[in-house]
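Enquirer: For reference, the structure I am asking about is given below.
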């Protein structure tokens with residue numbers, strides 16, 4: 045079949061190739077022919093079959109290929125002679141296929157004769173093309189996870205050094221498109237090219253071990269390139285393979301043999317996604333509805349068909365809603381796409397919901413850093429988040445909260461000192477900080493509904509600053525979180541000064557947890573000044589998750605307690621220790637408390653506005669920085685181009 | 174490959190096609206035309222049902238009309254989205270149950286497409302999952 049199509053000179057007996065051999069050989073030929081310049085990508089066999097009729101394989105890659113078959117040089121000479129290339133002076137398709145067949149024969153121990161090619165032979169084995177052919181044709185038996193792909197990855201670069209990135213990309217994409225390629229093999233293809241490009245952007249933050257071996261391999265590959273000898277590529281290849289396997293072993297956290305790093309979610313990324321999820325939907329065990337997710341993902345500025353495809357990939361159960369793992373997968377795909385990765389054909393294994401759920405069973409409640417950061421970002425700042433994601437890596441995202449909070453921390457420090465004398469001081473900072481983070485959570489929620497201040501919140505019956513029970517925030521990273529300290533003074537201010545406003549937040553799904561305990565907390569909170577928070581904080585510590593569920597309870601309690609408590613708060617003003625003294629002078633206290641109330645409200649409002657503006661400022665500055673960088677880059681480009689254009 | 178049997182699936186709403194696919198690429202226009210003409214028959218059947226309760230069984234309209242070359246099957250969803258399938262008459266192996274199951278699969282895939290919030294009802298269906306499902310079905314038949 046192939047011989048007839050090949051034309052050229054009839055070299056010996058007709059060549060009968062099996063289907064597999066045909067595909068293999070045509071791919072190899074196309075690759076060699078492609079290296080010669082402008083050959084077709086190794087697409088479906090039909091295209092490859094058509095192409096060889098017109099192209100010839102260049103001697104260079106062909107020689108490399110033959111050498112990779114690990115046959116002795118004289119055998120290779122013999123083969124070349126027999127196949128007729130010497131005679132005609134080039135490797136046409138016929139000659140190439142005959143040569144491959146002879147190589148197969150030689151490898152299986154048969155003598156190198158023309159008659160050998162008539163037999164049924166296994167595919168010729170080349171150091172790289174074995175794995176190559178078998179990967180491309182999705183032979184699962186041969187895929188030993190990453191090890192097989194090591195020589196593939198390395199030798200791709202070393203052997204076909206003439207091929208530039210576009211061809212590689214073409215190759216990676218076309219096998220993925222071909223119906224023969226199995227989906228799991230496509231991520232490795234995709235990752236091969238981006239490894240040399242912007243991959244470090246995505247993973248630079250925490251997974252330092254990834255870029256390191258890749259860089260090592262890159263540096264190894266470059267010396268491989270110039271070396272033309274057969275033995276030359278092999279030692280670096282082994283070294284690189286060692287490094288690669290080492291890195292892969294380190295990567296392998298669990299059962300997975302998946303070398304698809306672009307599709308693996310790092311810890312930091314995971315936390316960020318979880319926090320974004322929580323900003324959209326407070327309960328991490330429920331899901332985000334389609335419309336909410338749509339609005340959120342549309343801000344990423346990807347095209348609608350791409351977003352539609354990403355949704356298709358990530359919504360595994362096709363229910364129109366995203367659970368936490370589905371959301372993480374979708375977010376990760378968006379991030380990858382924005383960083384330039386082509387979208388996979390199928391959901392990569394590391395993004396499967398089961399895998400994600402197994403790997404990260406519980407979202408990190410203790411991560412105050414991202415928690416307060418993400419939740420203190422009002423909805424209108426989320427587009428800036430995603431815009432920044434376009435340009436920055438996750439590492440930069442990690443860096444970003446720090447300056448923001450430093451900025452806001454400063455003014456909040458000032459606020460702290462200012463309001464200290466006016467208000468009863470918190471005894472324990474521990475109690476304050478959980479409060480503050482909750483107040484952070486609470487306040488931005490109200491802000492996300494109304495971007496302004498407490499007044500509207502109060503009108504609508506929301507309570508930003510006084511969430512009663514607060515989960516124990518251990519501040520793994522946020523011990524220097526000034527935001528907490530900052531909001532601390534405003535919390536007691538509001539608490540002592542105001543009539544207890546009704547609870548803030550949207551109704552939480554399961555208010556079933558520890559209702560009595562939260563009742564006690566509510567009571568203690570409503571009745572006592574912040575000093576009592578010390579007592580209540582142990583109870584809060586006992587119930588880390590009680591903050592969400594207790595809020596609706598608080599709402600229920602409010603109307604009941606409103607009447608009874610309305611007189612109480614006035615009595616609570618005046619300090620913890622002086623509870624006894626408060627009682628004899630309720631009337632006087634009421635007036636002063638009202639005045640204080642007004643002042644404190646105003647102060648708090650101003651503080652918040654200040655905080656918002658400060659955050660805005662830092663974000664805008666960040667964007668300005670980026671724009672500057674872009675400008676510099678463009679200017680550089682212009683300079684490079686100028687000598688060419690100005691003649 | 175043996176002579177491929179023509180199979181044509183169409184999803185139609187408001188009488189313009191949301192999705193149309195046929196296996197042999199030649200004479201594709203003929204299939205489009207057949208589908209459009211069969212829409213009339215579908216409408217006829219729907220109106221004939223009147224105000225009767227529409228249950229699963231009646232979603233499947235069955236053989237709309239046979240011609241010498243092909244048979245046309247219809248299916249309508251509760252939201253008046255019509256599925257039309259044109260099959261070669263020479264393919265006697267296709268039984269009614271198989272056609273029903275194929276329509277059911279189509280319907281399921283269509284609902285999956287609907288679940289995607291980025292899909293606006295009335296757009297052409299560009300979902301790759303839907304495409305692959307239809308392809309696999311047609312390959313199965315042919």
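Protein chains in written order, with this note's numbering: chain A, 45 to 691; chain B, 174 to 315. Yeah, the Cβ is synthetic: ideal placement off N, Cα and C, and Gly gets one too.
#1: Give me the residue from 373(A), 361(A), 360(A) and 364(A) with the minimum Cα distance to residue 321(A).
#2: Note down, in chain order, each residue of its chain lying with its Cβ closer than 7 Å to the Cβ of residue 306(B), except the 5 sequence neighbours on either side.
#3: Have a look at the DSSP bridge pairing and note the partners of residue 366(A).
#4: With 16 as the cutoff for other CB atoms within 10 Å, does residue 289(B) come out buried or exposed?
#5: If you reduce the DSSP assignment to three classes, tell me which class residue 687(A) lands in.
#6: Assuming the contact rule is C-beta atoms closer than 8 Å, residue 312(B) and residue 300(B) should be a hit. Round their C-beta distance to whole Å, please.
#7: In chain order, what residues of the same chain lie with their CB nearer than 8 Å to the CB of residue 687(A), ignoring the 5 residues before and after it?
#8: DSSP three-state call for residue 106(A): helix, strand or coil?
#9: With DSSP run on the structure shown, which of helix, strand or coil describes residue 64(A)?
#10: Just to make sure I have the definition right: I need the residues of chain A whose C-beta is within less than 8 Å of the C-beta of residue 294(B). Which are they?
#11: Residues bridged to residue 318(A) by DSSP?
#12: So residue 195(B) is in the beta strand (DSSP E); what residue range does that whole segment cover?
#13: Within 10 angstroms of its Cβ, does residue 308(A) collect 16 or more other Cβ (buried), or is it exposed?
#14: If you measure beta-carbon to beta-carbon, which residues of the stretch 346-365 of chain A are closer than 8 Å to chain B?
#15: Do you know offhand how far residue 22(A)'s Cα is from residue 192(B)'s?
#16: Taking the alpha carbon of residue 334(A) as the point to measure from, which residue in 71(A), 70(A) and 359(A) has its own alpha carbon closest?
#17: Could you compute how far the alpha carbon of residue 118(A) sits from the alpha carbon of residue 312(A)?
#18: Decide if residue 124(A) is buried, meaning its Cβ has at least 16 other Cβ atoms within 10 Å, or exposed.
#19: Between residue 215(B) and residue 249(B), which are expected to be in contact by the criterion C-beta below 8 Å, what is the C-beta distance as a whole number of angstroms?
#20: What do you get for residue 657(A), buried or exposed, if any count of 16 or more other CB atoms within 10 angstroms of its CB means buried?
#21: Just to confirm my understanding: we take residue 29(A), look at its own chain, exclude 5 residues before and 5 after, and list those with CB closer than 6 Å. What are they?
#22: Considering residue 261(B), what are the terminal residues of the beta strand (DSSP E) in which it resides?
#23: Do you know whose CA, among 304(B), 244(B) and 251(B), lies nearest residue 261(B)'s CA?
#24: Considering only the beta carbon of each residue, do residue 355(A) and residue 340(A) sit closer than 9 Å?
#25: If you draw a straight line from the C-alpha of residue 256(B) to the C-alpha of residue 362(A), how long is it?
#26: Measuring only the C-alpha atoms, how far is residue 650(A) from residue 660(A)?
#27: Output needed in chain order: residues of the stretch 119-152 of chain A with a Cβ under 9 Å from some Cβ in chain B.
#28: Do residue 72(A) and residue 109(A) count as a contact pair if the criterion is CB distance below 9 Å?
#29: Give me the chain A residues within the contact set of residue 194(B), using Cβ-Cβ distance strictly less than 7 Å, ordered along the chain.
#30: Of the residues that make up the stretch 285-313 of chain B, which ones have a beta carbon closer than 7 Å to any beta carbon in chain A?
#31: In whole angstroms, what is the alpha-carbon distance linking residue 280(B) and residue 303(B)?
#32: Let me know the secondary structure DSSP gives residue 292(B) once reduced to three states.
#33: Please confirm whether residue 370(A) has its beta-carbon closer than 9 Å to some beta-carbon of chain B.
#34: Once DSSP output is grouped into helix, strand and coil, what is the label at residue 243(B)?
#35: If you draw a straight line from the alpha carbon of residue 152(A) to that of residue 167(A), how long is it in whole angstroms?
#36: With 7 Å as the C-beta to C-beta threshold (strictly closer), list the residues of the stretch 320-350 of chain A near chain B in chain order.
Expert: With the given structure in hand:
#1: Considering only alpha carbons, the answer is 373(A).
#2: Sequence-distant partners of residue 306(B) (beyond 5 residues in either direction) whose C-beta falls short of 7 Å from its own C-beta, in its chain, are 278 and 282.
#3: Assignment of beta-bridge partners to residue 366(A) by DSSP yields 332(A).
#4: Residue 289(B) is buried by the Cβ-count criterion.
#5: In the three-state scheme derived from DSSP, where H, G and I count as helix and E and B as strand, residue 687(A) is classed as helix.
#6: Actually they do not touch by this definition, with Cβ atoms about 18 Å apart.
#7: So no residue of the chain qualifies.
#8: If DSSP states are grouped into helix, strand and coil, residue 106(A) belongs with the helices.
#9: Helix at residue 64(A).
#10: Residue 294(B) does not reach chain A, its nearest Cβ partner there being about 13 Å away, counting only Cβ pairs nearer than 8 Å.
#11: Beta-bridge pairing links residue 318(A) to no other residue.
#12: Note, residue 195(B): beta strand (DSSP E), 189-195.
#13: By the 10 Å Cβ count, residue 308(A) comes out buried.
#14: For the stretch 346-365 of chain A, residues whose beta-carbon sits nearer than 8 Å to a beta-carbon of chain B comprise 348, 349, 351, 352, 353, 355, 356, 359, 362, 363 and 364.
#15: Within the shown structure, residues of chain A are numbered from 45 to 691, placing residue 22(A) beyond reach of any answer.
#16: Per the Cα distances, 359(A).
#17: Distance between the alpha carbons of residue 118(A) and residue 312(A): 56 Å.
#18: By the neighbour-count rule (16 or more Cβ atoms within 10 Å), residue 124(A) is buried.
#19: The C-beta distance from residue 215(B) to residue 249(B) rounds to 6 Å, short enough to meet the 8 Å contact threshold.
#20: Label assigned to residue 657(A): exposed.
#21: In the structure displayed, chain A extends from 45 to 691; residue 29(A) sits before or after that span and is not available.
#22: Counting along the chain, the beta strand (DSSP E) containing residue 261(B) begins and ends at 254-261.
#23: Measuring from the Cα of residue 261(B), the nearest candidate turns out to be 244(B).
#24: Going by C-beta atoms, residue 355(A) is not nearer than 9 Å to residue 340(A).
#25: Their backbone Cα atoms lie some 21 Å apart in a straight line.
#26: Straight-line spacing of the CA atoms in residue 650(A) and residue 660(A) works out to 15 Å.
#27: Within the stretch 119-152 of chain A, no residue has a Cβ that lies closer than 9 Å to any Cβ of chain B.
#28: A contact, by the Cβ cut-off of 9 Å.
#29: Here the premise fails: no neighbours, minimum Cβ distance about 16 Å.
#30: Those residues of the stretch 285-313 of chain B that come within reach of chain A (Cβ to Cβ, closer than 7 Å) are 285, 288, 289, 290, 291, 292, 299, 300, 301 and 302.
#31: So the two alpha carbons sit approximately 10 Å from each other.
#32: Here residue 292(B) sits in coil by DSSP.
#33: Answer no: the Cβ-Cβ gap between residue 370(A) and chain B never drops below 9 Å.
#34: Here residue 243(B) sits in strand by DSSP.
#35: Rounded to whole angstroms, residue 152(A) and residue 167(A) show a C-alpha spacing of 10 Å.
#36: Within the stretch 320-350 of chain A, the qualifying residues are 334, 335, 337, 338, 348 and 349.
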